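Report on the following structure.
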Amino acid sequence: MSEVVGGRYALLRKLAEGGMAEVFLARQTGLEGFEKLVVLKRILPVHAANPDFVKMFIDEARTAADLRHPNVVSVTDVGRDAGTYFIAMEYLHGVDLSQLVARSQQLGERVPLEHALQIVADAAAGLHYAHTKKDLQGQPLAIVHRDVSPQNVLVTFDGLTKVLDFGIAHARRRGTKTDVGVVKGKYGYLSPEQLEGASLDARSDLFALGIVLWELTTLRRLFDRPSDAEVLRAVMECRVPRPSTVVPDYPPALEDVVLTALAPRREQRFADCQAFGRALEEYLDQRRLPHSPSRVSQYLKSLFPDFAREGPLSQAAPVPLAAETSTRAEKPRAPKAPSRPTRQDKPRAVPAEALGFLGEVQRFVAHGSERRTNLVPPATPFVGREGDVRAVESLLARHRLVTVVGMGGMGKTRLAWHVAERALASPPPGGVWMVDLAEARTRDDVLKAVARALAVDVSAADTSHDSVTQTGRTLAGRGDCLVVLDNFEQLVGLGAETLGAWLASAPKARFVVTSREALRLPGEKVHPLQPLALPTPEADGDAVDFFLARAKAAGFHGGLSSADADAVKAIVRALEGWPLALELAAARLAALSPAVLLERLEQRFQALGGAVAEAGRQGTLWNTIDWSWQLLDASEQAALSQISTFRGGFTLEAAEAVLLLPGDRDTHDVVEALWRKSLLSAFVAPEAPGQVRLTLLESIQEFAAAKLAAVKGEARLRARHAAHYLALGDAWAEAVHGHAAEETLQLLEVERPNLNEIFERAINAAPLTAESATTALGALHALDALLSRKGPYHSHLALLDAGIEVAQRANVDRAWLGRALAERANARRQRGQLTQALAELQEALAMVQAAEDRPLEGRVRGDLGLALHVTGDLEGAQENLEASVELATEVGDEAQLVRATSQLAVVLVAREDLAEALTRCDEALLGARRRGDRVSEARALGTLGAVYLEQGQLELARAFFAEAVDHCQKVGEKRLGAFFLGRLGATFLQAGELESARSCLGDAVSAFAELSDLRHEGLFLSHLAALESRAGNAAVAAVTLDAAQARLESARDPLLLGALALTRAAVGLEARALPAAEAQRQLDLALTPQGAAPAASTRSEEVRLAARRLGQVLGPR
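First residue of the sequence shown? That's 1269 in the numbering used here, and the numbers climb one at a time after it.
Here is the structure:
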């Protein structure tokens, strides 16, 4: 580095960087060659113009500059340079205590007690000096460090201990106000009173130094927990284990000193740091343990010999100064649990070429989030069609809808993909998205495919029309974007109500559509795609280039003689430049010479005679496929026809499980042969970039399906297809609650077409049997695991309705039907159909009880408890959830035990049984982490936040809500994450932090609006109304209240409407538009039982929160 700051500080290297400042090792120069090393701390440029940051920085300099003590780092200069401020401090050649502990752990050696106590006693002396420092008038400055931690205690190689970084210290004369109740410092080194929001004194630093001593002498973290929120909880509870529980031979007398420093109540601790330091020195003297800075020096040099010898300019040196203070818990994170495979079979390898393609895909998608696209590269390169590419791009530059029209096998998909890929060179802000509609047949299928491509939810819309509108809003929110809708030909009749609506609602979105016919929509520009250019005397043309490129990809690496080149030109003319036909023929060039290949083709076409001419170009393609078919052996023909059973592609493992091939040839070898002959295509789904899938192109799929229909054994094949995917579906339905939840949902999404095919075949079976109806319910169970989380809910309900209707007619096993009824009831609950949901859950419970299916009874009781909670029947909810816990324990259903326990904790909070709720949360957290159930873990963390919100411990509540939101975001649980984000906003609102509250509540409302969840959107709009009222924006509050009212009335939730009435009363009171007597009447009504019905405030925490807010506005009676 060559930068000079302040005209005299040459920066040598960066030591650390935090949220506010960066720290450098620098060389200070002066007169006649004077120079020395210093540490220079400088405000980050992004904050230099912020007066609050500048004031805090100057406060630190002012506080630290007056401190002159051997055990406190010295500030030597403060200044301004290049528009920002800096502080220069003495350079200390040594290590901080976090580095000392880490080195001791690495060596497996404890820090000798005499050295540990000497270091902490010296640090106590430095802190006591700061605590008792007075100003020039003799008034105490009342300095409190507030960030004592191992990173902020440094020991030099001379054996001197220094307390560092008074960056967040509080002194009476500070120019900036330090808010009581605002937590600053590293979470694991806070004192209980810091979390309680009390005013702080020297004993808070004493407590933190006690933690440092506990950890230095045990080499363990005192408040080590899996999350920041749990660290804060542990600090608040302050259950300090005796050091002897970690180190059995820990001296009892020293243990008493440590525990006195760590007493929960500050009046039980030492009077000050001086008394603490004296206690340590007395222990050393009484035990006659030799101690001195020189002995500490020798010890440090033995631990860090290279750094001690090489000095501060060594690039390999450990950082000698702590980074800026972090508010994160400074602790190692628990490693992510490995994903559990759904099968124990080792997957078969795909061909080497396919593995190379997979590597390309993974490199391509590695930066997908930066590029805002879901494109993955195809297995073969794009060849030719430069004129078509330019034409489509020219149309897109002037029009918003371009449809590429052509017959099957013409290369429409590849052209559209290439145009999209070229757009990534200068991508639109809203991204470039590829939507595969090959398996779509209905409007819901279209919506799901678009949602899948854009990675958004369309889950909670009430109808397909609502989902179309919701998708339009999502596209509008992306702004300028490019969307490719591939294979639209079977959906042309839906073009106006889907794509037409999106063109109107998303004015900046542009669309490229591929189809066999035009959509006939306003503004549509059609680009007809013709076969590849044939050879002319002047040029070979795109067709020859394409043929040779595909032949090379298939393994042809020889040169072409003049005769071979003529034969190739004759081949492409015979195939009329049809890309798919060319690809099929090119695959044979590895085994046949061009001349022989031409002869075989001509013989085939001559045998067909006028049939080819009559069918035109489509006949050329069809008969090229048939020619390829005739060249296959019996096992390859059987495999190709049977593969047409799959939908949306398949894996090699699935082929081995499903296909029934004649002879003893290995399925893997047969499938690989079909792939090498270009009859199968390899691709990667965006949801599973680590998995190569195989599929048939549409024209080949139609041909293979016709061949399959002409032979016997189709029923047996379909049974094997169903058995394979239903077995996977059962495993996946459980795995969505465990370690592999996210990737399991991705696998379900990828295999959804196969599950849909099994379901459709089963419900349309003729004659209908109990077996086919049971198959339908099995497919439905796997789909429910996906659709209940990803939606859309209206199509989810439609599938459930169809499956249950068939099952009831076929008289299937009652337990299977009961499970399906419970799944439909849960879908109804999510849509607000609470009466129907409760009735179906009661019916489902009766069925599974009659079937004596105890595991399923436990799950249905858990679902019933959740539904009863939503309706306000807390007693019934608790009864059913406790029964669910008992049943899950009895049958060993750990997944349900975790879910039911976490839900029970939520109900206990609503019933104000906070002690029991805490116990249940702890149980749920242990179980969820053991299983890797991140959703239940998030729910338990959020419920802990609700407990502390009820108790008024706002800092803990915020920490747990934030932790829950973080967990939900990591696993894509949008609904629960949005709920806890709203709860976090409500906590900020209660603390008076209006801007933070507005941000959280606004994001929560937006999330629920995107999910079309009127109930929760209305709930958090009511919180926003309260915020605006508190901020003095009465008009905005009134409008927001009306919006909340409209949504909650549509959701028909009486409890939330009751909470809204209390919020409206508080807003009216603040605006002086409602008499206090009327507001008091409404509050009394909410708090008082009405006849036999309990008070609303005892049935809902939302009512209780609104009542508490109204009571605060009313003030004491």
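Here a beta-carbon is modelled for each residue, glycine too, at the ideal position from N, C-alpha and C. All of these numbers come straight from a predicted model, not from anything done at the bench.
Per DSSP, the continuous alpha helix (DSSP H) segment holding H1989 begins and ends at E1982 to A2003.
If you check the CB distance, H1989 and E2025 come in under 9 Å. Taking a cut-off of 8 Å for Cβ pairs, the segment 1386-1406 and the segment 1328-1338 touch, as three or more such pairs fall below it.
With a cut-off of 8 Å on Cβ pairs, the segment 1562-1571 is in contact with the segment 1425-1435, counting three or more such pairs.
Within the segment 1324-1412, the beta strand (DSSP E) runs of at least 3 residues that lie entirely inside it are, in chain order, 1343-1349, 1352-1358 and 1362-1364. Within the segment 2212-2262, not a single complete beta strand (DSSP E) segment reaches 3 residues in length.
In this structure, D1713 is the residue among G1698, P1697 and D1713 with its C-alpha nearest to the C-alpha of D1704.
DSSP lists Y1277 and K1304 as the bridge partner or partners of Q1296. A1995 is not a Cβ neighbour of F2027, given a cutoff of 9 Å.
Rounded to whole angstroms, A1769 and L2316 show a C-alpha spacing of 28 Å. When secondary structure is reduced to three states using DSSP, P1646 falls in the coil class, being assigned neither helix nor strand. In the structure shown, the three-state DSSP call for E1966 is helix. At a Cβ-Cβ threshold of 9 Å, L2279 and K2238 do not count as neighbours. Rounded to whole angstroms, the Cβ separation of A2050 and A2030 is 13 Å, and the two are not in contact under 8 Å. Beta-bridge partners of M1702 (DSSP): V1752. Per DSSP, reduced to three states, the secondary structure at Q2101 is coil, with no helix or strand assignment.
Per DSSP, A2311 lies in no beta strand (DSSP E); the unbroken alpha helix (DSSP H) holding it starts and ends at A2302 to A2319. Annotation for P1796: the continuous beta strand (DSSP E) segment containing it runs E1792 to P1796. Assigned with DSSP and collapsed to three states, Q1959 falls in coil, not helix or strand. Scanning the segment 2129-2205 from its first residue to its last, the whole alpha helix (DSSP H) runs of 4-plus residues come out as 2142-2159, 2162-2178 and 2182-2199. Distances from the CA of A1923 to each of A2088, Q1910 and S2170 were compared; the closest alpha carbon is that of Q1910. Taking a C-beta distance under 9 Å as the contact criterion, T1739 and L1715 qualify as a contact pair. Just measuring C-alpha positions, the residue of A2227, E2184 and I1479 sitting nearest V1525 is I1479.
No Cβ-Cβ contact shorter than 9 Å links M2115 with L2149. Excluding the 5 residues flanking it on each side, I1968 has same chain C-beta neighbours closer than 7 Å at I1893 and L1947, in chain order. For L1669, the enclosing beta strand (DSSP E) has its first and last residue at L1669 to V1673. Bridge partners of K1282 according to DSSP: F1292. F1914 sits in coil when the DSSP states are folded into three classes, being neither helix nor strand. Of the candidates A1384, R1281, G1275 and L1365, the residue whose Cα lies closest to the Cα of D1349 is G1275.
The Cβ atoms of A2192 and T2157 do not sit closer than 9 Å to each other.
In the DSSP secondary-structure assignment, K1975 is not bridged to any residue.
Sequence-distant Cβ neighbours of P1796 in its own chain, meaning closer than 7 Å and more than five residues away, are V1673 and G1674. The continuous beta strand (DSSP E) containing A1950 extends over residues S1949 to F1951. Taking C-alpha positions only, R1682 is separated from A1801 by approximately 16 Å. Excluding the 5 residues flanking it on each side, D2121 has same chain C-beta neighbours closer than 8 Å at A2083 and G2086, in chain order.
Counting C-beta pairs closer than 8 Å gives three or more between the segment 2151-2166 and the segment 2198-2214, which meets the contact rule.
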